[in-house]
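Colleague: Dropping the structure in here first, questions after.
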Amino acid sequence: MTVESTARAKTPRSGVKRTATKTTKKAAAKKAPAKKATGAKAAAKKAAAKAPAGRPEPEMVQLLTPEGVRVEHPDYTIDIDADELRGLYRDMVLTRRFDAEATALQRQGELGLWPSLLGQEAAQIGSGRALRPDDYVFPTYREHGVAWCRGVDPAQLLGMFRGVNNGGWDPNSNNFHLYTIVIGSQALHATGYAMGVAKDGADTAVLAYFGDGATSQGDVAEAFTFSAVYNAPVVFFCQNNQWAISEPTERQTRVPLYQRAAGYGFPGIRVDGNDVLAVLAVTRAAVERARTGQGPMLIEAFTYRMGAHTTSDDPTRYRSDDERAAWEAKDPILRLRAYLENEQLADEAFLASIDEESDTMAKRVREAIRTMPDPPAMSMFDNIYADGHALVDEERAQYAAYAASFADTDEEGN
Amino acid sequence: MTVESTARAKTPRSGVKRTATKTTKKAAAKKAPAKKATGAKAAAKKAAAKAPAGRPEPEMVQLLTPEGVRVEHPDYTIDIDADELRGLYRDMVLTRRFDAEATALQRQGELGLWPSLLGQEAAQIGSGRALRPDDYVFPTYREHGVAWCRGVDPAQLLGMFRGVNNGGWDPNSNNFHLYTIVIGSQALHATGYAMGVAKDGADTAVLAYFGDGATSQGDVAEAFTFSAVYNAPVVFFCQNNQWAISEPTERQTRVPLYQRAAGYGFPGIRVDGNDVLAVLAVTRAAVERARTGQGPMLIEAFTYRMGAHTTSDDPTRYRSDDERAAWEAKDPILRLRAYLENEQLADEAFLASIDEESDTMAKRVREAIRTMPDPPAMSMFDNIYADGHALVDEERAQYAAYAASFADTDEEGN
Amino acid sequence: MAPGEKLPIAKAINSSLRTAMENDPKVLIMGEDVGKLGGVFRVTDGLQKDFGEDRVIDTPLAESGIVGTAIGLALRGYRPVVEIQFDGFVFPAYDQIVTQLAKMHARALGKIKLPVVIRIPYAGGIGAVEHHSESPEALFAHVAGLKCVSPANSSDAYWMLQQAIECDDPVIFFEPKSRYWGKGEEISRGVPGPLHQARVIREGTDLTIAAYGPTVRTALQAAEASAEEGRSIEVLDLRTISPIDFDTIQRSVEKTGRLVVVHEAPVFFGSGAEVAARITERCFYHLEAPVLRVGGFHAPYPPARVEEEYLPGLDRVLDGVDRALAY
Amino acid sequence: MAPGEKLPIAKAINSSLRTAMENDPKVLIMGEDVGKLGGVFRVTDGLQKDFGEDRVIDTPLAESGIVGTAIGLALRGYRPVVEIQFDGFVFPAYDQIVTQLAKMHARALGKIKLPVVIRIPYAGGIGAVEHHSESPEALFAHVAGLKCVSPANSSDAYWMLQQAIECDDPVIFFEPKSRYWGKGEEISRGVPGPLHQARVIREGTDLTIAAYGPTVRTALQAAEASAEEGRSIEVLDLRTISPIDFDTIQRSVEKTGRLVVVHEAPVFFGSGAEVAARITERCFYHLEAPVLRVGGFHAPYPPARVEEEYLPGLDRVLDGVDRALAY
Ligand SMILES: Cc1ncc(C[n+]2csc(CCOP(=O)(O)OP(=O)(O)O)c2C)c(N)n1
Ligand SMILES: Cc1ncc(C[n+]2csc(CCOP(=O)(O)OP(=O)(O)O)c2C)c(N)n1
Ligand SMILES: [Mg+2]
Ligand SMILES: [Mg+2]
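Protein chains in written order, with the working numbering: chain F, 1 to 414; chain W, 415 to 828; chain A, 829 to 1155; chain L, 1156 to 1482.
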């Protein structure tokens, strides 16, 4: 029949099935339900645990099992040396540490809010490290790891969550656009930027990050359409962290998200989002496609939001500890660490040095935030227009006079 | 590889390929380029001509070739008696005649605008006749044939194009919603309505009509998402008439539109939109799925807008006569007529009676429109709110007083 | 049963929703995270548990989709109450609201009704990030076919929501989120009056302050502070933004001769402009000073650490009062 | 070369686009049917032929996508000029315009610029079906970060578009479609003044009429008709809606003491409200009558056969003039 039925779409095909099954079986063979592990090693060796309830588990690219064992994939290989491997480890550890520090700073009242990336380090570092400096990134509000890869000063990321600005870094100094809060909007900006890249004849790639929830927004669908029609060099990087606040991915789709792409005329792929090597390999391939005029691609990084949606959220209201525990066994950092240790690519000294670097970085961030000045009241009239606006000038002047009247009062009061 | 590539998505599968290829070959065997035919018979026998330039031609369901030959399809059969067949012919002829009459009325200044359905009669009558009275239809602005099937008085369709109202018929008297001009919006209304049907436990199906251009709108994508997530009994009926005003379908997608559905988790299918039997069969099947709790489906009726986008449009600016000529050879009415004649299901008397009925209908429509009164000025304050609004009352009263002041003047003037 | 109880506004709304759902099986709740989570503000807390997933619907993350399907549900005979998570996220649904929801009744010459309520937690003062503190009411009030209201206390929150849900027209229900979890007021035992009526909440003779939603409290504070200086200020809680109850404002201004309108939304093209224009027309010979407006500036809502300066707080309102009285 | 020529507004805009594209290779045109067809109004006629598909871009049928990708192109250094096919179809793009385009410069503390022009053929009087005759300017003017202008004649159409494209801020360019194909005026040989300045187009002493876009002609007709009755009416072409050039209006009203604002958009929450509120504040002691507004009613734009009654035509403007002079 000519109907492309759901069932059929879900059936793995040809080589795909073979490999995916192989990988999965290998992982499964080592699995056994286990209580929450405490130490890093224990966790790494722990069973990868069951898939989220009721979710179909299609093939996904994996190069490193949850236990830290390298496996091969017929389509994606990775050429990476020991230094780079250690670099990925360092990136992930520092990112996680930064994230924890930000969460702590929120608890201490230094930030109004913090959206933690805990658990998504591999998805972000793997994709972020696949990029060249001239590539351009359009993030959501959670891409702290990608920002790290782009060289954005971590302290700068905190400004908007402290309430001193709405972003404020210069997107062009690191080719990392401002955080975008309104879900899905940035997919179109990325697509437009990529259309411009193509017009310029450049071989820059553009990365559009968004979440599983965002895939429901019309803007993301329109970005798919525009990117396909103009064959724009944009990679859509969807971090499916299983949740959009309290809503599981089943509230957004009933088939795996990566399959969305085919109906728009470009490839989609699911990658183990907790496997930094697989993410790196797949993103490199997608970016290469973009550079060489092959157009857009959708990557679904299958991962998990280990923490709350933001510090304002209470996930105990909508999900179980079991689920989290199962995902802890797939921790992105632990698995790379296990691999490094097994392969004797990281010794105690190296690991200690990273921990130390983390401490230093965290301290620096803490200090930076605590001394971050509040913006002056008059700043609310700044940068509304590039070329000025008479009403803003008028309101600025009126407010200045009004504020000055208090200064007088204060003086009088003295 | 795990990538669902475009190329792969386009490859026909299993039984599909076999049958589709067979059909196509059969049709092709009879083909030969031909100049524009004049008589109905000549045209019916004429070659189906080449596919639109550069468009991939995937399998599509066909039960009646352009030459009027019945062919079988492994998945879609049709059980239809002679009376029904003649009924479909009658529906299409009357619809076309009504459409021509409306175009003429526009030329004569009776209407401000008319969007002709010329060429799309099979897509509309085939789908419209697949419905039960309790089913519900959400049309665009071009579904005159579907409206006919629903029993909407043709003259009523003209009101908005004459400028006396914005629709005005009661959607609930024929379960045919008002025409919707803003592209794609109604796909969500249909989905919501279908969600309500499901809540009510009814076995009603909902049909959402839209064009190829509409598939780019975020609203249509969101309708796909909502309908899939809630498994709503809605059938998305996309008339791909190859054009969105001056833009060919390639400006909206680079793969066949029916493939869009799979990525949202429901089946999509392409049907020969100029084959009323195939459209009827496929729509019946889709509606049956909806009724029986199997959720949404997308039907892409592959057809052609024979005329201008509307009477305001000038298609010579963007498309060639050749293209139109090629599609004329696939005329939906001529092919059913050829079939009826070949099978001796329609004699001269029958055909003449339909022509006569058409004349009568056209005359009635013409008279109705010419006597259709302009709305009174005060009507602009009516029906803005169901429960009233103080400002509307105030403005109504002010306007009435203002208008009355002229009445006084006029009287004084006398 | 909320009437008679003293509840925070958020709980009053929760209770109102519960009552509406108990009274009418056609009432549905739709929105992001309204189910298990009970909404990010917990306004719908417990409702899905008691009324089921079929009536308290967690939707996909798509506001146009939410409003568009709510329209379809309304056409099928349901009365959807939609929650938009924050003010700044209503705009993806703007087309469906303005082009479809607002106009469909008129388009059908009155033959169909669109009883859809869109609840928007709005306005600032909660120290939030961008898009979480906006006051977009003018963008809806300008559009015929919509009604807009904003309660300022728990009792109105409870009763006005009942009335909005019972109304056969689409109602945009602006909830002052900064007031959600304050102590709250007692819910009156009966309907406190028509939905679209302003209320004199403090009588005075020298000047009128008109406010709605989150600024009503500030207006009252300003009246109190002014009283200490011997000025008698009348305070109006407008309650309804479309329509605006000009009659009540007019009566007040005919008495006081001076009017200051206070809202958080930017002043430029805001509600205050409409009030000023029409009241000046109605009360031209009564006004001893131009109608003054105290509200947001023509600027994006600023970062949290500047919002106190941006918002029309007590000092800025008193400044407006001073300026009006100086004429 | 348009300057010096007499052209209909549509041709003046076409010529202006051509000039802008010749002067700056970064200028792009985007929209539905803007290419081969030259737009449904033929405003972009011939441009794709001369500048290629890479610079005159037929887009998919998705307004949010058009504006969203235009933002991305602007970030990449382009200067997109977007055409929205008709006023009523801008709303699917409203979120991108209001939430992204308007705020991104501020969000980046000024580090990025968004030189995007959105051309909207707007207003009524062309006998069209629903959604083709709306005047949504207030819905954009209320939003900080956007600029809004509307030319009323060919010369302004030509020059203001040049200025809008050169401007580093997003500009919503409202084109009075009912005037597209009239005889048109001569294009002045030099820039006729700053973009955001109103213009006195007829001097008078008894009353001021302020109008913009399609109502400017009506205002002039009203002034002429009034002159026959011995009334001296000053007419302002406001030209800019955000910002509004209050200084010019103020100067006029200080002279005439009376003001009538005329626009097609609904009066409730419309531009006239803002003009009335602010001018009353600025000219309180000069005004001999309240500022009156003549415009659309709080109703969806009516079917074509009633639009003449709905629109603020000559009679309704004269009625406003009479009422203002009666004070
Ligand atoms: C248009 C819009 N609607 C609602 C929200 C509120 N909101 C913020 S984050 C979020 C969930 C996003 O989920 P997902 O896309 O999966 O990203 P994640 O937070 O999981 O990284 C919601 C609903 C928003 N920011 N924008
Ligand atoms: C949101 C919106 N944008 C633009 C238009 C103007 N417009 C009317 S019909 C049309 C093309 C529609 O093409 P398609 O969906 O293929 O339907 P068809 O007219 O071919 O039946 C356009 C762009 C509109 N009606 N709504
Ligand atoms: Mg998520
Ligand atoms: Mg079409």
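Where a beta carbon is used, it is the ideal one built from N, C-alpha and C, also for glycine. Computed from a prediction, not measured in an experiment: that's the story for all the values here.
Taking 7 Å as the line, does the beta carbon of L:Leu-1216 fall inside it for any heavy atom of ligand 2?
Modeller: The residue given as residue 1216 of chain L occupies position 61 in the fourth sequence. At a threshold of 7 Å, L:Leu-1216 counts as near ligand 2, since its beta carbon sits closer than that to one of the ligand's heavy atoms.
Colleague: Taking a contact to mean a Cβ-Cβ separation below 8 Å, would you say A:Glu-1092 touches A:Thr-1043 in this structure?
Modeller: By one-based count along the third sequence, residue 1092 of chain A stands at place 264. By one-based count along the third sequence, residue 1043 of chain A stands at place 215. Cβ distance < 8 Å, so A:Glu-1092 and A:Thr-1043 count as in contact.
Colleague: Under 7 Å, CB to CB, which of the residues in the stretch 94–118 of chain F have a partner in chain A?
Modeller: Across the stretch 94–118 of chain F, CB contacts with chain A closer than 7 Å involve Gly-112 and Leu-113, in sequence order along the chain.
Colleague: Is the beta carbon of W:Leu-527 sitting closer than 8 Å to the one on W:Ser-660?
Modeller: Residue mapping note: residue 527 of chain W aligns to position 113 of the second sequence, counting from 1. Residue mapping note: residue 660 of chain W aligns to position 246 of the second sequence, counting from 1. 8 Å or more divides the Cβ of W:Leu-527 from the Cβ of W:Ser-660.
Colleague: Write down the C-beta distance between L:Ile-1320 and L:Ala-1175 rounded to the nearest angstrom, noting that I regard them as a contact closer than 8 Å.
Modeller: Here residue 1320 of chain L refers to the residue found at position 165 when the fourth sequence is read from its first residue. Here residue 1175 of chain L refers to the residue found at position 20 when the fourth sequence is read from its first residue. Indeed, because the Cβ distance is near 5 Å, the residues count as touching under 8 Å.
Colleague: Does any C-beta atom of chain W lie closer than 8 Å to the C-beta of A:Ala-890?
Modeller: Counting from one through the third sequence, the residue named residue 890 of chain A turns up at place 62. Yes, contact with chain W.
Colleague: Starting from the N-terminal end, write out each residue whose C-beta falls within a distance shorter than 7 Å of any non-hydrogen atom of ligand 4.
Modeller: W:Gly-625, W:Asp-626, W:Gly-627, W:Gln-653, W:Asn-654, W:Asn-655, W:Gln-656, W:Trp-657, W:Ala-658 and W:Arg-719
Colleague: Identify the contact partners of A:Ala-1132 in chain L, using a Cβ-Cβ distance below 9 Å as the criterion.
Modeller: Position 304 of the third sequence, counted from the start, is the residue given in the question as residue 1132 of chain A. Here the premise fails: no neighbours, minimum Cβ distance about 14 Å.
Colleague: For F:Gln-239, which residues does DSSP report across the bridge?
Modeller: By one-based count along the first sequence, residue 239 of chain F stands at place 239. Bridge partners of F:Gln-239: F:Gly-211 and F:Ala-301.
Colleague: Which of the three DSSP states is assigned to W:Ile-768 in this structure?
Modeller: To locate residue 768 of chain W, count along the second sequence from 1; it is residue 354. Residue state, collapsed to three classes: helix.
Colleague: Near F:Asp-135, which residues of its chain fall below 6 Å by C-beta distance, leaving aside the five closest residues on each side in sequence?
Modeller: Within the first sequence, numbered from 1, the residue matching residue 135 of chain F stands at position 135. Cβ within range, chain order: Thr-204 and Ala-205.
Colleague: Any idea which residues DSSP pairs F:Glu-101 with across the strands?
Modeller: For the purposes of this step, residue 101 of chain F is identified with residue 101 of the first sequence, where counting begins at 1. DSSP lists no beta-bridge partner residue for F:Glu-101.
Colleague: Check the Cβ of L:Phe-1244 against every Cβ in chain W and list those closer than 7 Å, keeping chain order.
Modeller: Here residue 1244 of chain L refers to the residue found at position 89 of the fourth sequence. Correct list: Val-596.
Colleague: Quick one: is A:Ala-1117 near chain F, going by C-beta distance under 8 Å?
Modeller: If you number the third sequence from 1, residue 1117 of chain A lands on position 289. No, because no Cβ of chain F sits closer than 8 Å to the Cβ of A:Ala-1117.
Colleague: According to DSSP, is W:Met-794 part of a helix, a strand, or is it coil?
Modeller: Taking the second sequence and counting its residues from 1, the one referred to as residue 794 of chain W is at position 380. It is helical.
Colleague: Kindly confirm or deny that the stretch 395–403 of chain F and the stretch 129–145 of chain F touch, where touching means at least three C-beta pairs closer than 8 Å.
Modeller: no
Colleague: Anything in chain F within Cβ reach of A:Lys-864, meaning under 7 Å, just list it in chain order.
Modeller: By 1-based counting over the third sequence, the position of residue 864 of chain A is 36. Those within 7 Å of A:Lys-864 in chain F are Ser-246, Arg-317 and Tyr-318.
Colleague: Using a Cβ-Cβ cut-off of less than 7 Å, list which residues of the stretch 925–946 of chain A approach chain W; keep chain order.
Modeller: Thr-927, Gln-928, His-933, Ala-934, Arg-935, Ala-936, Leu-937, Gly-938, Lys-939, Ile-940 and Lys-941
Colleague: So with Cβ pairs under 8 Å, would you call F:Pro-375 a contact of chain A?
Modeller: Taking the first residue of the first sequence as 1, we reach residue 375 of chain F at position 375. It does: the Cβ of F:Pro-375 has a partner Cβ on chain A nearer than 8 Å.
Colleague: Opposite A:Ser-1070 in the DSSP bridges: which residues?
Modeller: Counted from its first residue, the third sequence places residue 1070 of chain A at position 242. Paired residues: A:Cys-976.
Colleague: Is A:Arg-1079 near ligand 2, going by C-beta to nearest heavy atom under 7 Å?
Modeller: As a working mapping, residue 1079 of chain A is identified with position 251 in the third sequence. No, the beta carbon of A:Arg-1079 sits no closer than 7 Å to any heavy atom of ligand 2.
Colleague: Name, please, each residue of chain W whose Cβ falls closer than 9 Å to the Cβ of F:Ser-216.
Modeller: Numbered from 1 along the first sequence, position 216 holds the residue referred to as residue 216 of chain F. Those within 9 Å of F:Ser-216 in chain W are Ala-635, Glu-636, Thr-639, Phe-640 and Val-643.
Colleague: Among L:Pro-1331, L:Glu-1463 and L:Ile-1168, which one has its Cα closest to the Cα of W:Gly-577?
Modeller: Translated into positions along the second sequence, residue 577 of chain W becomes position 163. Check the Cα spacing between W:Gly-577 and each of L:Pro-1331, L:Glu-1463 and L:Ile-1168: the tightest is with L:Glu-1463.
Colleague: I'd like to know whether the C-beta of F:Ile-369 is nearer than 8 Å to at least one C-beta of chain L.
Modeller: On the first sequence, position 369 is the one that residue 369 of chain F refers to. No, no contact with chain L.
Colleague: Suppose the cutoff is 7 Å on Cβ atoms and the five residues either side in sequence are ignored; what does the same chain contact list for A:Ile-940 look like?
Modeller: Against the third sequence, residue 940 of chain A aligns to sequence position 112. The residues are Leu-903, Met-932 and His-933.
Colleague: State the start and end residues of the unbroken alpha helix (DSSP H) segment that holds F:Arg-337.
Modeller: The residue labelled residue 337 of chain F in the question sits at position 337 within the first sequence. Residues 332–342.
Colleague: Just to check my reading of the structure: F:Ala-122 and F:Met-160 have Cβ atoms closer than 8 Å, yes? What is that Cβ distance to the nearest angstrom?
Modeller: Taking the first sequence and counting its residues from 1, the one referred to as residue 122 of chain F is at position 122. Taking the first sequence and counting its residues from 1, the one referred to as residue 160 of chain F is at position 160. At roughly 25 Å, the Cβ-Cβ gap does not stay under 8 Å, so F:Ala-122 and F:Met-160 are not in contact.
Colleague: Just to confirm my understanding: we take W:Glu-714, look at its own chain, exclude 5 residues before and 5 after, and list those with CB closer than 6 Å. What are they?
Modeller: As a working mapping, residue 714 of chain W is identified with position 300 in the second sequence. Once the five neighbours on either side are set aside, the close Cβ partners of W:Glu-714 are Cys-652, Asn-654, Leu-671, Tyr-672 and Arg-684.
Colleague: For F:Gln-106, does the count of other Cβ atoms within 10 angstroms reach 16, so buried, or fall short, so exposed?
Modeller: The sequence position of residue 106 of chain F within the first sequence is 106, counting from 1. Under this definition F:Gln-106 is a buried residue.
Colleague: Hey, would you say the C-beta of W:Ile-595 is under 7 Å away from at least one heavy atom of ligand 2?
Modeller: One-based indexing of the second sequence puts residue 595 of chain W at position 181. Under cutoff, so the answer is yes.
Colleague: Can you tell me where the beta strand (DSSP E) with W:Phe-552 in it begins and where it stops?
Modeller: Taking the first residue of the second sequence as 1, we reach residue 552 of chain W at position 138. Taken as a continuous stretch (DSSP letters only), the beta strand (DSSP E) holding W:Phe-552 covers 550–552.
Colleague: For a contact meaning CB atoms closer than 7 Å, what does W:Lys-613 contact in chain A?
Modeller: As a first step, residue 613 of chain W is located in the second sequence; it is residue number 199 there, counting from the start. Within chain A, the residues near W:Lys-613 are Asp-882.
Colleague: Listing by chain order, which chain L residues have their CB less than 7 Å from the CB of W:Gln-666?
Modeller: As a first step, residue 666 of chain W is located in the second sequence; it is residue number 252 there, counting from the start. The answer, in chain order, is Pro-1215 and Leu-1216.
Colleague: Rounded to a whole number of angstroms, what is the C-alpha to C-alpha distance between L:Ala-1263 and W:Gln-534?
Modeller: Counting from one through the fourth sequence, the residue named residue 1263 of chain L turns up at place 108. Counting from one through the second sequence, the residue named residue 534 of chain W turns up at place 120. Cα to Cα, L:Ala-1263 sits roughly 50 Å from W:Gln-534.
Colleague: Under 8 Å by Cβ, that's how I've got A:Ala-1127 and F:Phe-381 pegged, so tell me the actual separation to the nearest angstrom.
Modeller: Taking the first residue of the third sequence as 1, we reach residue 1127 of chain A at position 299. Taking the first residue of the first sequence as 1, we reach residue 381 of chain F at position 381. That pair is a contact at about 6 Å.
Colleague: Quick check on W:Met-792: buried or exposed, where buried means 16 or more other Cβ atoms within 10 Å of its Cβ?
Modeller: Sequence index remark: in the second sequence, residue 792 of chain W carries index 378 (1-based). Looking at its Cβ environment, which holds fewer than 16 other Cβ atoms inside 10 Å, W:Met-792 is exposed.
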